[in-house]
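In what follows, a single structure is set out as structure tokens and then discussed.
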């Protein structure tokens with residue numbers, strides 16, 4: 004287990020205690036590691052790495068929605084990699100490929116050259132557009148415009164509680180849309 | 013949307029993690045087992061000589077096997093719904109259960125004269141067993157699959173099978189209180205078949221309902 008993974012565990016524990024800044028740092032730090040897993044897996048299967056960012060975003064959504072399945076007595080790294088690998092396989096299956104991904108390939112994945120690519124049209128945008136209006140506006144305001152919960156509530160003339168509910172439901176719906184067997 | 017934008021939305025949606033998988037599983041078990049017990053009371057009920065056989069070693073062995081199957085399956089499925097969690101110990105523990113049954117079968121074969129083997133194996137109640145175990149297991153299986161939807165099994169069908177072994181094990185223990193056949197030979201054949209049906213159903217349910 005590397006130092007970085009110890010930090011991941013510390014950050015996730017802080018996040019479970021309600022520390023949103025720690026959670027933001029954790030996800031920001033996980034993204035390159037997940038990106039490396041996705042690129043490597045797609046490359047190994049002879050697929051273009053263009054879809055890697057879709058896998059990264061789907062994995063981050065899953066990490067977020069399933070974070071209670073992490074056992075705090077275990078390191079966070081293997082948990083993250085298992086989710087990333089699972090989402091990668093799902094993504095490749097949806098493209099009609101059935102590839103075997105040995106888990107060992109993902110152990111100690113290096114985070115080199117894993118900066119986020121320049122924005123290209125992604126699945127997330129497509130799925131976002133199919134959300135109900137209210138969820139869509141809330142998710143957009145908070146993600147794209149960087150508004151806080153309170154600002155979003157004021158802007159959309161909603162209560163803060165309603166914004167929180169819409170945000171959570173919107174994110175859960177996005178995750179489901181990724182998994183749906185379409186496109 | 014850039015990944016950083018998504019991360020901003022995710023960190024704004026931070027709520028304390030809810031109850032653990034284990035406690036959800038336990039909470040779901042309660043209504044499941046109550047329905048199963050009600051079904052049992054309505055349809056079969058305990059055997060009339062329950063008090064007389066309560067200390068009989070063959071009768072007790074049925075509970076040892078079925079309840080240890082249920083316990084080990086629960087311990088394993090709790091690992092299977094946590095991505096990347098090591099499960100070797102739990103798999104090994106579960107694998108011991110059929111070995112225990114095999115030892116019981118072997119002792120029975122040693123103790124019993126050969127001509128009576130077949131009668132003990134076929135028993136008197138095989139079909140009732142085969143119908144009862146899946147029927148009692150069904151409410152528990154449904155409740156547990158719903159609870160496990162909060163988990164994240166990387167192998168949904170396998171998690172469903174193990175949830176089926178759990179429900180089947182508990183159902184078999186309930187049925188055992190009625191079952192007049194106490195021979196390990198009968199248990200090895202009919203109980204196993206009944207539990208296998210539940211495990212199979214669990215596998216299909218897992219494929220359908222435990223994907224995430």
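Residue numbers (our numbering), protein chains in the order written: chain A, 4 to 186; chain B, 13 to 224. Positions of the beta carbon are idealized from the N, C-alpha and C atoms, including for glycine.
Span separating the alpha-carbon of residue i from that of residue j
i: residue 163 of chain A; j: residue 140 of chain B; result: 57 Å
i: residue 93 of chain B; j: residue 17 of chain A; result: 23 Å
i: residue 110 of chain B; j: residue 77 of chain B; result: 8 Å
i: residue 23 of chain A; j: residue 24 of chain B; result: 7 Å
i: residue 95 of chain A; j: residue 44 of chain A; result: 9 Å
i: residue 214 of chain B; j: residue 53 of chain A; result: 37 Å
i: residue 50 of chain B; j: residue 160 of chain A; result: 51 Å
i: residue 166 of chain B; j: residue 221 of chain B; result: 13 Å
i: residue 22 of chain B; j: residue 172 of chain B; result: 30 Å
i: residue 169 of chain B; j: residue 216 of chain B; result: 6 Å
i: residue 125 of chain B; j: residue 185 of chain B; result: 28 Å
i: residue 205 of chain B; j: residue 98 of chain A; result: 38 Å
i: residue 137 of chain A; j: residue 153 of chain B; result: 37 Å
i: residue 149 of chain B; j: residue 176 of chain B; result: 8 Å
i: residue 150 of chain A; j: residue 144 of chain A; result: 6 Å
i: residue 45 of chain B; j: residue 182 of chain B; result: 8 Å
i: residue 121 of chain B; j: residue 219 of chain B; result: 39 Å
i: residue 76 of chain A; j: residue 20 of chain A; result: 15 Å
i: residue 95 of chain B; j: residue 74 of chain A; result: 9 Å
i: residue 49 of chain A; j: residue 42 of chain A; result: 10 Å
i: residue 65 of chain B; j: residue 73 of chain B; result: 12 Å
i: residue 199 of chain B; j: residue 70 of chain B; result: 10 Å
i: residue 8 of chain A; j: residue 78 of chain A; result: 7 Å
i: residue 138 of chain B; j: residue 157 of chain B; result: 28 Å
i: residue 90 of chain A; j: residue 84 of chain B; result: 29 Å
i: residue 139 of chain A; j: residue 151 of chain B; result: 38 Å
i: residue 207 of chain B; j: residue 68 of chain B; result: 23 Å
i: residue 102 of chain A; j: residue 161 of chain B; result: Model confidence at residue 102 of chain A stands at a pLDDT of 48, short of 50, so the residue's coordinates are unreliable; what they give is reported in the following sentence. Roughly 26 Å separates the two Cα atoms.
Among the options, nearest to residue i - alpha-carbon criterion
i: residue 156 of chain A; options: A:148, A:18, A:166, A:147; result: A:166
i: residue 132 of chain B; options: B:81, B:189, B:201; result: B:201
i: residue 196 of chain B; options: B:123, B:88, B:86, B:39; result: B:123
i: residue 56 of chain A; options: B:193, B:217, B:79, B:14; result: B:14
i: residue 80 of chain A; options: A:173, A:151, A:12, A:176; result: A:12
i: residue 159 of chain B; options: B:16, B:79, B:70, B:90; result: B:90
i: residue 28 of chain B; options: A:142, A:36, A:70, A:181; result: A:70
i: residue 179 of chain A; options: A:31, A:168, A:64, A:15; result: A:64
i: residue 193 of chain A; options: A:183, A:130, A:92; result: Because chain A spans 4 through 186 in this model, residue 193 of chain A falls outside it and cannot be assessed.
i: residue 88 of chain B; options: B:104, B:74, B:75; result: B:104
i: residue 131 of chain A; options: A:90, A:75, A:61, A:21; result: A:61
i: residue 25 of chain A; options: A:35, A:14, A:33; result: A:14
i: residue 82 of chain B; options: B:189, B:70, B:174; result: B:174
i: residue 17 of chain B; options: A:86, A:125, A:51, A:72; result: A:125
i: residue 175 of chain A; options: A:148, A:30, A:135, A:152; result: A:135
i: residue 32 of chain B; options: A:86, A:87, A:173, A:72; result: A:72
i: residue 62 of chain B; options: B:224, B:187, B:209; result: B:187
Beta carbon proximity, residue i to chain B, threshold 8 Å
i: residue 54 of chain A; result: no
i: residue 69 of chain A; result: yes
i: residue 128 of chain A; result: yes
i: residue 168 of chain A; result: no
i: residue 9 of chain A; result: no
i: residue 45 of chain A; result: no
i: residue 165 of chain A; result: no
i: residue 146 of chain A; result: yes
i: residue 62 of chain A; result: no
i: residue 59 of chain A; result: yes
Chain A contact for residue i (CB, 8 Å cutoff)
i: residue 175 of chain B; result: no
i: residue 95 of chain B; result: yes
i: residue 202 of chain B; result: no
i: residue 13 of chain B; result: yes
i: residue 224 of chain B; result: yes
i: residue 103 of chain B; result: no
i: residue 20 of chain B; result: yes
i: residue 55 of chain B; result: no
i: residue 17 of chain B; result: yes
heavy atom of the ligand COA below 7 Å from residue i C-beta
i: residue 146 of chain B; result: Absence of the ligand COA is noted for the structure shown, with no ligands found whatsoever.
Compile a chain-ordered list of the residues in the stretch 62-93 of chain B whose CB is closer than 7 Å to at least one CB of chain A. Of all residues in the stretch 62-93 of chain B, the ones placed with a Cβ closer than 7 Å to any Cβ belonging to chain A are 93, in chain order.
Report the residues of the stretch 23-51 of chain B with a CB closer than 9 Å to any CB of chain A, ordered along the chain. Under the 9 Å Cβ criterion, the stretch 23-51 of chain B contributes 23, 24, 25, 26, 27, 28, 29, 30, 31, 32, 33.
When Cβ atoms are compared, which residues of the stretch 130-141 of chain A fall closer than 7 Å to chain B? Listed in sequence order: 131.
Ranges of the beta strand (DSSP E) found wholly within the stretch 53-101 of chain B, counting only runs of at least 3: Segments of the beta strand (DSSP E) lying fully in the stretch 53-101 of chain B: there are none.
Which parts of the stretch 114-202 of chain B are runs of the beta strand (DSSP E), unbroken and 3 residues or longer, counting only runs that do not cross its ends? Runs found: none.
Going along the stretch 177-191 of chain B in order, which residues come within less than 8 Å of chain A, judged by CB to CB distance? Listed by position along the chain: nothing, the set is empty.
Taking only beta carbons into account, state which residues of the stretch 74-92 of chain A come closer than 7 Å to chain B, listed in chain order. Listed by position along the chain: 74, 77, 81, 82, 84, 85, 86, 89.
Chain A contacts from the stretch 131-164 of chain B (Cβ-Cβ distance under 9 Å): Those would be 162, 163, 164, in chain order.
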